[in-house]
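Novice:
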Amino acid sequence: SWEIDVFGANAATKAAADQRLAGAQALWHEARVSVAAEVALQTSSLRTCLQQRNVAERDAQSRSETSRLSALSERAGFTAPATAALARASAAEAAARASQQRMQCDVELKTLVALTGWEEPALRARLAASVTAQPAPDSLFAIAALPAQVLAQRPDVYNAEREVAAASADVGSAQAQRYPRLALSGSVGAGWVRTGGVTTDLSTWTIGPLALSVPLFDGGRRAAQVDAAQARYDEAAALYRARVRQAVSEVEQALVRLQSTAERNTSARIA
């Protein structure tokens with residue numbers, strides 16, 4: 033049986049399925065992008081922690097030396113006992129801060145191990161091999177503007193866009209269901225009988241009839257299906273607009289963070 037797609041109901045259904053397939057593929061890419069982004073953020077966080085650990089250890093060494101010199105000065109009578117006690121307290125505080133920073137770096141590393149699925153010794157070796165003492169270039173933070181394609185190529189935005197297209201095709205399919213449907217039916221049969229050396233061919237084929245179905249009395253079911261499809265389209269369009277606004281917000285927040293980082297860079301280096 034072959035339905036003559038006079039009003040495009042079947043074509044609209046196929047178009048909706050194609051759009052949803054494209055959206056599902058985009059979600060797969062979104063998962064890949066999310067994992068890559070999380071690994072990059074965690075790697076950056078770990079490198080920041082390691083640099084802060086180095087600063088904390090150098091600070092602990094400096095305060096420990098100050099405490100030692102203060103103790104010598106106290107024994108020689110040049111420094112008050114309270115001053116030497118404050119120096120010892122400061123050294124102990126710095127040592128505790130350095131220990132806490134080392135603990136935080138170990139936690140960051142464990143998180144990165146879980147994200148990448150690598151063995152910890154291999155990950156430590158790779159991080160050690162790629163450590164660089166060069167500061168990040170200023171051009172990394174100098175992003176004045178971004179093209180709209182940055183948003184359009186996001187998998188979540190693309191998926192929402194495909195869902196709008198699929199919902200639109202569903203509306204067309206539901207509307208076409210309210211119109212008459214034309215179908216051509218037929219049959220093909222093949223058979224052979226061999227008896228006493230005589231073969232009889234019983235193959236038959238027929239085409240027709242051409243059937244026309246007209247939806248007249250359905251209690252408003254098809255009209256309700258059109259209304260439901262239109263409501264789903266409105267919902268998909270609203271979700272798409274919300275997803276685009278969220279994408280714009282995320283990009284703007286990232287630009288603000290970059291600008292703030294660039295402004296704090298010099299002061300942080302001095303500190």
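Heads up: take any position in the sequence shown, counting from 1, add 32, and you land on this note's numbering.
Cβ coordinates follow ideal geometry from the N, Cα and C atoms, glycine included.
(1) Find the nearest neighbour of residue 123 within the set 95, 109, 241 and 183, judged by alpha-carbon distance.
(2) Would residue 130 and residue 97 qualify as a contact pair, given that the criterion is a beta-carbon distance under 8 Å?
(3) How do the stretch 212–225 and the stretch 63–73 stand: do at least 3 beta-carbon pairs fall below 8 Å, yes or no?
(4) Which whole-angstrom value is the C-beta distance of residue 140 and residue 84, which I expect to be below 8 Å?
(5) Are the stretch 205–217 and the stretch 247–260 touching by the rule of at least three beta carbon pairs closer than 8 Å?
(6) Could you check how far apart the C-beta atoms of residue 58 and residue 187 are, in whole angstroms? I think they sit under 8 Å.
(7) For the putative contact between residue 51 and residue 197, defined by C-beta atoms under 8 Å, what is the C-beta separation to the nearest angstrom?
(8) Quick one: give me the first and last residue of the alpha helix (DSSP H) that residue 13 is part of.
(9) Grouping DSSP H, G and I as helix and E and B as strand, with all else coil, what is residue 243?
(10) Would you mind sorting residue 242 into buried or exposed? The rule is 16 or more other CB atoms within 10 Å of its CB.
(11) Report the three-state DSSP secondary structure of residue 37 (helix, strand or coil).
(12) For the alpha helix (DSSP H) that contains residue 154, what are its first and last residues?
(13) What's the C-alpha gap between residue 262 and residue 133?
(14) Per DSSP, what are the beta-bridge partners of residue 224 in this structure?
(15) Counting C-beta neighbours from all protein chains within 10 Å, is the total for residue 312 16 or more, i.e. buried, or is it exposed?
(16) Does the Cβ of residue 86 have 16 or more other Cβ atoms within 10 Å, making it buried, or fewer, making it exposed?
(17) Which residues share a DSSP beta bridge with residue 219?
(18) First and last residue of the alpha helix (DSSP H) that includes residue 109?
(19) So what does DSSP say about residue 82, is it helix, strand or coil?
(20) Where DSSP assigns a beta bridge to residue 213, which residues make up the other side?
(21) Looking at the secondary structure, which residues open and close the alpha helix (DSSP H) in which residue 183 lies?
(22) Taking residue 192 as part of the alpha helix (DSSP H), name the residues at either end of that continuous run.
(23) If you reduce the DSSP assignment to three classes, tell me which class residue 50 lands in.
(24) Quick one, which of 225, 213 and 274 has its alpha-carbon nearest residue 248's?
(25) Assign residue 296 to buried or exposed, taking buried as 16 or more other Cβ atoms, counted over all protein chains shown, within 10 Å of its Cβ.
Specialist: Walking through what the data contain:
(1) 95
(2) no
(3) no
(4) The pair is not a contact, with the Cβ atoms about 11 Å apart (cut-off 8 Å).
(5) yes
(6) 4 Å
(7) 4 Å
(8) Here the chain comprises residues numbered 33 to 303, so residue 13 is not present and cannot be evaluated.
(9) strand
(10) exposed
(11) coil
(12) 152–161
(13) 57 Å
(14) 233
(15) Limits of the chain in this structure are 33 at one end and 303 at the other, which puts residue 312 out of reach.
(16) exposed
(17) 238
(18) From DSSP, residue 109 is part of no alpha helix (DSSP H); its letter is neither H nor E.
(19) helix
(20) 245
(21) 181–184
(22) 187–208
(23) helix
(24) 213
(25) exposed
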